[in-house]
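J.: Have a look at the structure that comes next, please.
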Amino acid sequence: MDRLKRPSAPDSVVLSANEVAAMIGSGIDWSVRKSFDSLRVELLEGTVAVYCRLDTRVIPRDALGPVAGFLHPMEPLRIAGPLSIERPGIGRFMIQELSLRGIAFPGPMVTQLAQRVAGADSTGAVPLRVSPSFTDVAIHPTGIVLYRTKRGKS
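Laid out in structure tokens, this is it:
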């Protein structure tokens, strides 16, 4: 990615699912990241799905309602949504889907839980540190394309 800082650099770079997992793992605030284990990523058209094992002890019991009584200390978590570049150096992973132990939570609860388990803001977006070289992103099942310049909308 350091190649993108040079004037003769390519206009984009393609990252695999494993590279995206590393980018997300290193880009999330450590106070959030330390509650995740075994992070992996699935790329879908326009969406990133993040799978991990979550330390459920970080979630206040009242946030989960009756589900809280069924959880073990570590449970599988899936969060999914689009990824965008907000400004140089900052990406936004907008969590639109969230399931814990295979239980999908309804839309109104997703933002609230995303704030508690993933450090999301009030809109449900998780800020990510990314290279300031990137200004745009396109997500495809075969890889994520990070662009140096904004793409024209078709």
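Last residue of the sequence shown: 215 in this note's numbering, with the numbers rising by one and none dropped. The beta-carbon is built from N, C-alpha and C at its ideal position, and this holds for glycine as well.
Express the C-alpha separation of L105 and K211 in angstroms, rounding to a whole number.
T.: Their Cα atoms are separated by approximately 21 angstroms.
J.: What residue from G163, P137, V191 and D197 has the CA that sits closest to G88's CA?
T.: Answer by Cα proximity: V191.
J.: Do you know whose CA, among Q157, P167, E136 and S77, lies nearest P143's CA?
T.: The option with the nearest alpha carbon to P143 is Q157.
J.: Whose C-beta lies closer than 6 angstroms to the C-beta of F195 among residues of the same chain, with five residues either side of it excluded?
T.: Cβ neighbours of F195 beyond the five flanking positions: I146 and L207.
J.: For A179, which of I164, A78, D90 and P193 has the nearest alpha-carbon?
T.: Considering only alpha carbons, the answer is D90.
J.: Give a yes or no on contact between the segment 113-126 and the segment 90-100, applying the rule of three or more CB pairs nearer than 8 angstroms.
T.: Touching, yes, given that three or more Cβ pairs across the two stretches are closer than 8 angstroms.
J.: For a test of the three-state rule: what should DSSP assign to L125, helix, strand or coil?
T.: The answer is helix: DSSP assigns L125 an H, G or I state.
J.: Among the candidates G86, L76 and L125, whose CA atom is the shortest distance from the CA of P169?
T.: Minimum Cα distance to P169 is reached at L125.
J.: Taking its Cβ as the centre, do 16 or more other Cβ atoms sit within 10 Å of G152, making it buried, or is it exposed?
T.: So G152 counts as buried.
J.: How would you label F154, buried or exposed, when you count the other beta carbons within 10 angstroms and need 16 or more for buried?
T.: By the 10 Å Cβ count, F154 comes out buried.
J.: Quick test of your reading: A175 and G185, contact by CB under 8 angstroms. State the CB separation rounded to the nearest angstrom.
T.: Contact flag correct, Cβ pair sits at about 5 angstroms.
J.: Go to E80, then tell me how far its alpha helix (DSSP H) extends in each direction, as first and last residue.
T.: That run of the alpha helix (DSSP H) goes A78 to G88.
J.: Can you name the start and end residues of the beta strand (DSSP E) that L161 belongs to?
T.: Run containing L161: E158 to L161, per the beta strand (DSSP E) assignment.
J.: Roughly how many angstroms separate the alpha carbons of V187 and F166, rounded to a whole number?
T.: If you take the alpha carbons of V187 and F166, they lie about 18 angstroms apart.
J.: Please report the straight-line C-alpha distance between A204 and S183, rounded to a whole angstrom.
T.: It is Gly, not Ala, that sits at residue 204 in the sequence shown. The alpha-carbon atoms of G204 and S183 are separated by roughly 29 angstroms.
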